[in-house]
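In the UniProt record's numbering, the protein residues as written are 1 to 467. The beta carbon of each residue, even a glycine, is placed where N, CA and C say it ideally should be. The structure displayed is predicted, hence computed values, not measured ones. One structure is given here, and the rest of the page talks about it.
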Amino acid sequence: MSRRHEQIAEAFDHTFQWILQGDQDDVNTTEGAQVNDLVSLQRATRTNFISWLRSGSGIFWIDGKAGSGKSTLMKLIFHSPETRVHLRHWSGSCDLFVGHFHFFDRGSSLEKSQEGLIRHLLYQIFERYPHLMNEVYKSHWDRLRGAGRAYLRTDPTAKYLYEAILTRSELVAALQAVLFSTIGKVRICFLIDGLDEFNGTDREVLELMAQLESMYAKSATWHKICVSSRPHIAFEAAFRKRPSLRMQDLTKNDIYHYVNSRLRSQDLPIDHLAPEDLVRFETLVDDIVEKARGVFLWVHLAVMSLLHGLDQSDWMHELEARVRGLPPELDTFYDRMVNLIDPGYRYQAARIFRIMLDSPDPPHPLILSFLENNNDDIDRHPREAFSYKALNARGKHMEQRLRSRFWGLIEISRQTTSIADWSKSTTADWTKFNALFFHQTVRDYFKRPEPWKMMLDGMTVSWCSME
């Protein structure tokens, strides 16, 4: 369940530093009072967050629009040495533990559930403090060993022992026991990202956070939780009295730095531009920053569009037209990307998007390759087992199709596992990859009827409702 953490993009060089470090030297987004306002807000936010790390309790909320960089900021906070420096002021002479979890709606069932959250937190705690497993989990451990022995004896009841070994209530009880056992010895900070990607209602995930927070009801100062989410009404109501920050209010200079660095690189193919055009080219940076409205994902797509234009040797007026024509909203951006799909591939694309949307777990490219082939006469095909080599080749071929035909709306993600010798198994490489929508906003986009109408205009299909 570390896949999402590993998949999240690292903060671009020198961005998001305002959360834990001093004022940046290159605040160049605009002139005068707006610069001072931004720096003052960043400074106040940093002071508030550091104060919470050093002496606060309860929940700190990181709020932001879709695509504003919440997950990237949470990852930076987790890995930053400054985070632990400030938390050690809070932990004092006690040990300090920092755990993390990222709800992941595009991931497996566990990656977006209460069970997955508690399992992952317990795993991290037991990895750090293995003695706790026997202290607070002895009965479960004994049952697990018994189930293992039964399995080795090929006892048919072993399967059911494994299924029943860790019920949801037992997981909650185990985490509660672990937390109580560490009072007076360990101070714990959890970083929980993406509450809006929980596989349930906002109210349910808020109840889960309240339950997690109240596990230390008798000693609330011994743990704290930093959470992130989109600004849903339920979250705003629940966290309105909690310390918080709003991403899109704080990242204008980060966006400027990102765009400036990408578009003023010495490696850009701009030799065909006249000297006077280079001055106009630099103004495109400011234009993109102003249109971004704090959404880093939009900026990434805008920069990629401009770089694509440079690769196609666009003239200056064409580059300016690209920027003027950039859709202001992500959904409109995705409309454009869907329209770029070759008309000959759109029916196929719609089938794959539908499969990915309805699948409870991310499908593998190999699975998609079989589902994609709508062979009515498949029952007459020879029933021979595929070799691992053939399966691997088929999976890789499908991966290439996904990458080349769908304009980046689908990405291929490598699975992660804690089993050390997994790579030594005889299973082919294709088992280690999944197809994912490249961002949660893409999955949300395909829950609307409009993209299906674009892809299937004039077609009648039984597997897709366009209502």
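Check	Outcome
Reference residue 128; option with closest CA among 106, 96, 138	96
Through-space distance from residue 183 to residue 68, alpha-carbon basis	36 Å
Pair within 8 Å by beta-carbon distance, residue 53 and residue 83	yes
Simplified DSSP state of residue 62, which is helix, strand or coil	strand
Exposure label - residue 339; buried when at least 16 CB within 10 Å	exposed
Residue 126 and residue 194 closer than 8 Å at C-beta	no
Buried versus exposed, by CB contacts within 10 Å (16 or more), residue 224	buried
Residue 308 burial status per 10 Å Cβ neighbour count (16 or more: buried)	exposed
Under the three-state DSSP convention, the category residue 11 falls into	coil
Residue 192, DSSP secondary structure in three states	strand
For residue 409, the three-state DSSP class (helix, strand or coil)	coil
DSSP bridge partner residues for residue 102 (one or two, in chain order)	193
Neighbour-count burial assignment, residue 290, 16 or more Cβ in a 10 Å radius	exposed
Residues bridged to residue 281 (per DSSP)	Paired residue(s): none; residue 281 is not in a bridge.
Under 8 Å between C-beta atoms of residue 75 and residue 14	no
Any non-hydrogen atom of the ligand PLP within 7 Å of residue 403 CB	Ligands displayed in this structure: none; no statement on the ligand PLP is therefore possible.
Residue 191 and residue 238 closer than 8 Å at C-beta	no
Backbone CA spacing between residue 11 and residue 296 [nearest angstrom]	11 Å
Distance CB(residue 284)-CB(residue 263) smaller than 8 Å	yes
For residue 139, three-class secondary structure by DSSP	helix
Proximity of residue 107 and residue 362 at Cβ, strictly below 8 Å	yes
Three-state secondary structure assigned by DSSP to residue 295	coil
Alpha carbon of residue 455 to alpha carbon of residue 300, nearest angstrom	25 Å
Neighbourhood of residue 417 by C-beta, 6 Å cutoff - its chain only, sequence neighbours within 5 removed	Bear in mind that the predicted position of residue 417 carries a pLDDT of just 45, short of 50, making it too unreliable to give a figure here.
Distance between beta carbons of residue 136 and residue 181, contact taken as under 8 Å	5 Å
Three-pair Cβ contact test at 8 Å for the segment 323 to 339 versus the segment 392 to 403	no
Rounded Cβ spacing between residue 286 and residue 235 (contact assumed at less than 8 Å)	Their Cβ separation, rounded to whole angstroms, is 33 Å, which puts residue 286 and residue 235 out of contact at 8 Å.
Where residue 475 falls: helix, strand or coil (DSSP)	As displayed, the chain neither begins before 1 nor continues past 467, which places residue 475 out of reach and without an answer.
Status (buried if at least 16 other CB within 10 Å, exposed otherwise) for residue 102	buried
Residue 346, enclosing beta strand (DSSP E) - first and last residue	Looking at the DSSP string, residue 346 is not in any beta strand (DSSP E); the run it does join, the alpha helix (DSSP H), is 346 to 358.
Reduced DSSP category for residue 225 - H, G, I as helix; E, B as strand; rest coil	strand
Member of 388, 310, 364 whose CA lies at the smallest distance from the CA of residue 402	364
Residue 315, buried or exposed, once every other Cβ within 10 Å from all chains shown has been counted against 16	exposed
Residue 265, buried or exposed, once every other Cβ within 10 Å from all chains shown has been counted against 16	exposed
Residue 355 beta carbon less than 8 Å from that of residue 407	no
Boundaries (first-last residue) of the alpha helix (DSSP H) holding residue 435	First-last for residue 435: 433 to 437, but that is the beta strand (DSSP E), not the alpha helix (DSSP H).
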